[in-house]
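Novice: Count along the sequence shown starting at 1, add 40, and that's the number in our numbering.
Beta carbons: idealized from backbone N, C-alpha and C, even for Gly.
These figures come from a predicted structure and were not determined experimentally.
Let me give you the structure first, and then I'll get to my questions.
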Amino acid sequence: MFYHDKKLQYKVRVDKPNPQFARALQQAIGGIEGEIRVCLQYLFQAWNARGPVRYRDMLLDTGTEEIAHIEMLATAVCLNLEGASSSVIDTIVGNDPLMEKIVGGGDPRHYLSGGLGALASDANGVPFNGSWVVSSGNMASDMLANVTAEATGRTLATRLYEMTDDAGMKDMLAFLIARDTMHQQQWLAVLEELGQGNLYKVLPIPNSFPQAQEVQEFSYAFVNTNIDPEQPSAGTNRRWTHGPSLDGRGTFREIKAQPLGQEPQLAPPIPQGHAQTEQMQGSGHEKA
41 MFYHDKKLQY KVRVDKPNPQ FARALQQAIG GIEGEIRVCL QYLFQAWNAR
91 GPVRYRDMLL DTGTEEIAHI EMLATAVCLN LEGASSSVID TIVGNDPLME
141 KIVGGGDPRH YLSGGLGALA SDANGVPFNG SWVVSSGNMA SDMLANVTAE
191 ATGRTLATRL YEMTDDAGMK DMLAFLIARD TMHQQQWLAV LEELGQGNLY
241 KVLPIPNSFP QAQEVQEFSY AFVNTNIDPE QPSAGTNRRW THGPSLDGRG
291 TFREIKAQPL GQEPQLAPPI PQGHAQTEQM QGSGHEKA
């Protein structure tokens, strides 16, 4: 079960409403870097978790906290839209064709669909996409996805921080940035624990697949695909081409790309697929 407190996790104050900033804040709600994404990602990982219960409990705690962050941002959107209603109505009643003027250059749907409220969409009004949610069932894989989610989320929050001169908004964003800092550390700490004290020992993921079944000649080889012989390789004297691999199970090296497979040869189209008659004649492999 989930419970709620009427008070916000952290104070949300808007000194001067700004409909354009309300639109920008939508990215932190429903964008790919936003709080809906991490909230659902952590909760689904928790609900799907198998293994030590401490990981499930931790994910539930953090996923639930992210609901609070959605609430904070939604409140910030609403507060930034307050006072805009008269100009919105005047614009619509006046049949002004320049819709970008609605809510002072903000998102018309904040009024038309939300009644001056937040939406489950990004800064362009695109609805949240559930395919962004990562829950693979492999704890190490999920933790790496979580680090990326928090890193891109923190980057977004810092950009929003730079976009506003509103002291209340800067304070709220500074709090969210701090939480992103902690969550990055949190997921990395889980990876370190899974690696029994060594972050890199979780590699390769999944570690349950026998590496003896890989084509091991290529397990730690950087493939240089640059065809220009005059240009230096991107791997020249770099960590990813020389020395022991990070998991300690191999040695990095560089190889030049070369085709080891065959030219693809597909069967003719099946009649039921109704390709063109000319496509069905012959094998399709002859030269033109």
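Could you compute how far the alpha carbon of ARG63 sits from the alpha carbon of THR265?
Specialist: Going from the Cα of ARG63 to the Cα of THR265 covers about 42 angstroms.
Novice: By a C-beta neighbour count over all protein chains shown, 10 Å radius and 16 as the cutoff for buried, is ASP205 buried or exposed?
Specialist: exposed
Novice: By DSSP, does SER161 sit in helix, in strand, or in coil?
Specialist: strand
Novice: For MET112, which option in PHE258, THR192, GLU270 and VAL52 has the closest C-alpha, if you only look at C-alpha atoms?
Specialist: VAL52
Novice: Label GLY170 either buried or exposed according to how many other C-beta atoms from any shown protein chain fall within 10 Å of its C-beta, with 16 as the threshold for buried.
Specialist: So GLY170 ends up on the exposed side.
Novice: Rounded to whole angstroms, what is the Cα-Cα separation between GLY74 and GLN67?
Specialist: 6 angstroms
Novice: Are ASN186 and ILE245 close, meaning C-beta to C-beta below 8 angstroms?
Specialist: no
Novice: What do you get for ARG77, buried or exposed, if any count of 16 or more other CB atoms within 10 angstroms of its CB means buried?
Specialist: buried
Novice: With a CB to CB cut of under 6 angstroms and the five nearest residues on each side skipped, what residues in its chain are close to THR102?
Specialist: Cβ-Cβ distances below 6 angstroms link THR102 to TYR82 in the same chain, with the five nearest sequence neighbours on each side left out; the list follows chain order.
Novice: Using 10 angstroms around the beta-carbon of ASP162, count the other beta-carbons present and answer buried if the total reaches 16, otherwise exposed.
Specialist: buried
Novice: Go through its chain and collect everything with a Cβ distance to GLY283's Cβ below 8 angstroms, but skip five positions before and after it.
Specialist: For GLY283, same chain residues with a beta-carbon under 8 angstroms away, outside a window of 5 residues either side, are THR291 and PHE292 in chain order.
Novice: Where does VAL263 fall in DSSP's three states?
Specialist: strand
Novice: Determine the closest residue to TYR50 out of SER248, ASP287 and ILE217, with distance taken between C-alpha atoms.
Specialist: ILE217
Novice: Consult DSSP for LYS210 and reduce its assignment to one of helix, strand or coil.
Specialist: helix
Novice: Please report the distance separating the alpha-carbon of GLY288 from that of SER181.
Specialist: 19 angstroms
Novice: Within 10 angstroms of its Cβ, does HIS44 collect 16 or more other Cβ (buried), or is it exposed?
Specialist: Looking at its Cβ environment, which holds fewer than 16 other Cβ atoms inside 10 Å, HIS44 is exposed.
Novice: When the distance is taken between beta carbons, is PRO167 closer than 8 angstroms to PRO121?
Specialist: Residue identity differs from the one stated: residue 121 is Leu in this sequence, not Pro. Not in contact: LEU121 and PRO167 (Cβ atoms no closer than 8 angstroms).
Novice: Helix, strand or coil, according to DSSP, for ILE295 in the structure here?
Specialist: strand
Novice: Excluding five sequence neighbours on each side, which residues of the same chain lie with their C-beta closer than 6 angstroms to the C-beta of ILE129?
Specialist: At ILE129, the pLDDT of 47 sits below 50, so the modelled position is not reliable; the number obtained from the coordinates is stated separately. Within the same chain, ILE129 has no close Cβ partners at all.
Novice: Check the DSSP bridge columns for PRO167 and list the partner residues they point to.
Specialist: SER161
Novice: Would you list the one or two residues that DSSP bridges to PRO284?
Specialist: THR291
Novice: How is GLN66 classed by DSSP in three states: helix, strand or coil?
Specialist: In the structure shown, GLN66 adopts helical secondary structure according to DSSP, grouped into three states.
Novice: Mind the definition here: the region 88-99 touches the region 196-213 only if three or more C-beta pairs lie below 8 angstroms; say whether that holds.
Specialist: By the Cβ criterion, the region 88-99 is not in contact with the region 196-213, since fewer than three pairs of Cβ atoms, one from each stretch, lie closer than 8 angstroms.
Novice: Using CA coordinates, which residue listed in GLY165, MET183 and PHE42 is at the minimum distance from VAL173?
Specialist: Of the candidates GLY165, MET183 and PHE42, the residue whose Cα lies closest to the Cα of VAL173 is MET183.
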